[in-house]
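Asks:
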Amino acid sequence: MRKIGDLYKKYGTVVSLMILVAIVTILNPRFFTMYNILNIFKQVSINGLIAFGMTFVILTGGIDLSVGATLGLSGVILGWMISTGTPDYIAIGVTLVFGAVLGGMNGVLVSKVKLQPFIATLATMTMFRGITMIVSDGIPFMGLTKNAPMLDYFSQGKFLTVPFPMLVFIIVLAILFVILHNTVFGRGVYAVGGNEEAARLSSIPITKIKTLVYTISGLMSALAGIILTSRLSSSQPTAGMGFELDAIAAVVIGGTSLSGGKGRIFGTFLGALIIGVLNNGLNIIGISAFYQQFIKGLVILFAVILDRKSNA
Amino acid sequence: MELIMKDISKSFGDVKVLENVGVHVKDKQIHALMGENGAGKSTMMKILTGVYKKDAGKVIINGKEQEINTIRDSENLKLAFIHQELNVLREMSIVDNMFLGKELKNKFGLLDKSTMIKRAKEKLQLLGLDINPNVFMKDISLGYRQLVEIAKALLLEAELIIMDEPTAALTDKEIELLFKVIRNLRDQGVSFIYISHKMEEIFELCDEITILRDGKYIGSKKIKETNFDEIVSMMVGYDMDERFPKIEITPGEVVLSVKGLTKKRKFEDINFDLRSGEVLGFSGLMGAGRTDVMHAIFGSVKYDTGSIYLNGKKVNISSPIVAKKLGFGFITEDRKNEGLILDFAVNSNVALPDLPNFTDKGIVNDSKISKTVDEFIKKLNIRTPNQHIEIKNLSGGNQQKVVIAKWLVTKPKILILDEPTRGVDVGAKKEIYEIINELKKQGVAIIVVSSELPEVLGICDRVAVMHMKKIKKIFDIKDATQEKIMEYATGGGK
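So the sequences go chain by chain: A and B. Sequential numbering of the first sequence, starting at 0, is according to numbering that gives the first Met the number 0. Sequential numbering of the second sequence, starting at 0, is according to numbering that gives the first Met the number 0.
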């Protein structure tokens, strides 16, 4: 079993994804078309971006439950600004900064106030959702992309034939990949998750690192919020509910250990794709939504069991 | 109970930890077991209580040879082991702790609380403790917890109680009470094996003493027929040959000055100077406060009052980050929890403190790391297949060299080594001493915290002896002997 575990660790996620794609394609060849694949990437980009941020947090041994609420709040702030006449490029910029600030708050609560990440982000999740309701009065901002060409580009835009959300998704992956694997900060993220005390005594700035990973997580949630708002052309106050769980699922399926210190952002990319292919493929095959839920749960369970085995 | 352990041997892999050791505890006796760290006391007691299996030898209880394979076996033979770090559940009551795993049930299969409380009370009163058994463990003092552990042993009708450093964290008052209880129980027929580093206690409390050194039996003495000096020399009696390749260098200027450093309950009024090219040893018993002082100097714990001067200038070392910038390096005592990230490869561990210096325009330069790490692997003779191996696969001695390498990479001006050779075999020890000498030649100011006296005498230029949170004496090494250091470390000395 150890051998299988080792192999799974290395190639498991890629192989799982390929097998999944093969099965769905055999059952319905319509799945494996350029149009549908681009579509999957578009759908995956929102959960994928959040999961990227979540990967940084989880690598330090933390968790961020507030990502869905941050997405919702960012979307509503964006909608409010645009519907009150703020130029869209400014509104988008402000929203990104706003998301980062929300994440930074989580970071300070965890690193300075030293709350447990689960508790801290559970509290801010509830608070952020509350603010969202207060700001929007529970009513969505509608028709946002009408006079906002840049915001519109976030859903309809294409660069060569590549949809803009997919492009954002890939570019962000590349940037975060370099940050995580090739910078001092990235090494610090692994060190904090691997052994916080040893990292601290090795003069690693753990407070800064912990604050930053939550900031990245907030920033990613805001970016995902912009894409979702753009796609719906409206900002729903309930947007993003439960997204934290899909993001955590993508990270875990991608092989990152919830105890921190071990994992890769490319794994999260594959994990998000697996969830996307499952959603899309099960639809295309015509499996009911109830079964889809069950199958998704099963996949997560298997991913975690195999991860256990490879660490035993 | 009369206990005889005879010709006990035990090896872990190739390492012989016990070689034909023995002890003879007589009925109604408090028998001290003494020896330096690593002498084999704990291993011997773990064999007696069924935690480890012996390779050879006999255990004879009340004249009958016994096989003890599990902790259960030892309990059935009425042996009890009270560990140094008490195994108490703080969030549970005294009575629940006492009956843990041996709870009494009534005829419905539910817990029989009233009987348990009654019996707990009985045993506690036997020790002269008038305390409500429903009080939580976290709400009573360490001394009381120790007594509760004894009461728990009595619940099992233990006839031989092994105590490992029971007074390490107790106040004088609590110690007094503990001793009273132990003497009372002895007079009622319970025998004790008492492990301690504190000489005065042993002379006050015990009837006989057995001394181990390096896994060998050195001798047993009636307490009345021996003295301080004899026991110390039995404990430390090494012959000092080439094990310590010391070099003589005239130390330079004072680099580090520590003045009046104090942290409540950890250390008090610590004063010393350290010169470049000098090795200052810190000696003392476990819990004397040495490690805490080092953490305070390195900025990893805060101190209350006092000041630290670097090259004559007052510095505020608020974190290890600042300490590193000022040129400090700290090789911590606890390799696994504080020194290394066990899942990281050798190279990642080595590069960790100095990462910012391995970058080009913000991007980590792995080939630069790789070159430096290879250099240090060669220089420190670290035995590893390659630098990409996870550190947890290396032996203790090689892991320790990695921890040292990690700080040498930062080119420290002041290097603190806390128990640098703990759990390291003799060969690697000598290599570590040679590294220290090399640094000394380069003018690095060095502090070595060590519980091994021969090591302190062998490699240090001066030695500060700590006892009960204070520096009691700073010796020039030519004036120091093991006996003198021991004397000050155990609270004696004028």
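Idealized CB from N, CA, C, for every residue including glycine. The structure presented is a predicted model; accordingly, all values stated were derived computationally and were not measured.
Based on Cα-Cα distance, which residue from A:64, A:125 and A:142 lies nearest to residue 80 of chain A?
Replies: A:142
Asks: With distances taken from CA atoms, which of B:42, B:75 and B:233 is nearest residue 482 of chain B?
Replies: B:233
Asks: Identify each residue in the region 171-199 of chain A for which the Cβ-Cβ distance to at least one residue of chain B is less than 8 Å, and report them in chain order.
Replies: The region 171-199 of chain A vs chain B, Cβ under 8 Å: 177, 181, 182, 183, 185, 186, 187, 189, 190, 193, 194, 196, 197, 198 and 199.
Asks: Between the beta-carbon of residue 253 of chain A and the beta-carbon of residue 262 of chain A, is there less than 9 Å?
Replies: yes
Asks: Between residue 288 of chain B and residue 485 of chain B, what straight-line distance do the alpha-carbon atoms span, to the nearest angstrom?
Replies: 16 Å
Asks: Could you please give the first and the last residue of the uninterrupted alpha helix (DSSP H) stretch that includes residue 94 of chain A?
Replies: 87-110
Asks: The beta strand (DSSP E) spanning residue 191 of chain B covers which residue range?
Replies: 190-194
Asks: Between residue 375 of chain B and chain A, is the shortest Cβ-Cβ distance under 9 Å, so that the two count as touching?
Replies: no
Asks: Can you tell me the Cα-Cα spacing of residue 147 of chain B and residue 322 of chain B, whole angstroms?
Replies: 43 Å
Asks: Once DSSP output is grouped into helix, strand and coil, what is the label at residue 156 of chain B?
Replies: Correct three-state label for residue 156 of chain B: coil.
Asks: Name, going along the chain, the residues of the region 355-381 of chain B whose beta-carbon falls closer than 7 Å to a beta-carbon of chain A.
Replies: 355, 358, 361, 362 and 363
Asks: Can you list, in chain order, the residues of its chain whose CB lies under 6 Å from that of residue 292 of chain B, leaving out five sequence neighbours each side?
Replies: Here the set comprises 266 and 269.
Asks: Is there a C-beta anywhere in chain A that falls below 9 Å from the one on residue 396 of chain B?
Replies: no
Asks: What residues in the region 200-214 of chain A have a beta carbon less than 8 Å from any beta carbon of chain B?
Replies: 200, 201, 202, 203 and 204
Asks: Quick check: what's the CA-CA separation for residue 61 of chain A versus residue 171 of chain A?
Replies: Roughly 21 Å between the two C-alpha positions.
Asks: Looking at chain B, is there any beta carbon in it that lies within less than 9 Å of the beta carbon of residue 102 of chain A?
Replies: no
Asks: So, helix, strand or coil for residue 206 of chain A, using DSSP?
Replies: Residue 206 of chain A falls in the helix class under three-state DSSP.
Asks: Quick one: list the residues of chain B neighbouring residue 261 of chain A, beta-carbon separation under 9 Å, in chain order.
Replies: Near residue 261 of chain A (Cβ distances below 9 Å), the residues of chain B are 342.
Asks: Ordered along the chain, which non-local residues of its own chain (more than five positions away) have a Cβ less than 7 Å from that of residue 356 of chain A?
Replies: Outside the shown range of chain A (0 to 311) lies residue 356 of chain A, about which nothing can therefore be said.
Asks: Quick one: is residue 281 of chain B near chain A, going by C-beta distance under 9 Å?
Replies: no
Asks: Does the distance from the CB of residue 267 of chain A to the CB of residue 51 of chain A come in under 9 Å?
Replies: yes
Asks: Tell me whether the beta-carbon of residue 448 of chain B lies closer than 9 Å to the beta-carbon of residue 290 of chain B.
Replies: yes
Asks: Identify whether residue 277 of chain B lies in helix, strand or coil by the three-state DSSP scheme.
Replies: In this structure, residue 277 of chain B counts as coil in the three-state DSSP scheme.
Asks: Which residues does DSSP list as the beta-bridge partners of residue 79 of chain B?
Replies: B:160
Asks: CB-CB under 6 Å to residue 271 of chain A, same chain, minus the five flanking residues each way: which ones, in chain order?
Replies: If you ignore the 5 residues before and after residue 271 of chain A, its C-beta comes within less than 6 Å of the C-beta of 43, 46, 47, 50 and 249, all in its own chain and listed in chain order.
Asks: Give me whichever residues DSSP pairs with residue 209 of chain B in a beta bridge.
Replies: B:32 and B:219
Asks: Quick one: what's got a C-beta closer than 8 Å to residue 239 of chain B's C-beta in the same chain, skipping five residues either side?
Replies: Only weak support is given to the placement of residue 239 of chain B: the predicted model assigns it a pLDDT of 39, under 50, and the value that follows is read from those uncertain coordinates. The residues 453, 456 and 457, in chain order, have a CB closer than 8 Å to that of residue 239 of chain B in the same chain once the five nearest residues on each side in sequence are set aside.
Asks: By Cβ distance below 7 Å, which residues in the same chain neighbour residue 348 of chain B in space, the five residues on each side in sequence not counted?
Replies: Here the set comprises 339, 340, 390, 401 and 405.
Asks: The beta strand (DSSP E) that contains residue 19 of chain B, what's its start and end?
Replies: 14-24
Asks: At a CB distance below 9 Å, what residues from the region 313-324 of chain B approach chain A? Give them in sequence order.
Replies: 318, 319, 320, 321, 322, 323 and 324
Asks: When you compare the region 67-79 of chain A with the region 284-296 of chain A, are there three or more beta-carbon pairs, one atom per stretch, that lie closer than 8 Å?
Replies: no
Asks: In whole angstroms, give me the CA-to-CA distance for residue 236 of chain A and residue 132 of chain A.
Replies: 6 Å
Asks: In the DSSP output, what is residue 64 of chain B paired with across the bridge?
Replies: B:59
Asks: Check whether the region 296-315 of chain B touches the region 252-264 of chain B, taking contact to mean three or more Cβ pairs, one atom from each stretch, closer than 8 Å.
Replies: yes
Asks: How about residue 443 of chain B and residue 276 of chain B: are their beta carbons less than 9 Å apart?
Replies: yes
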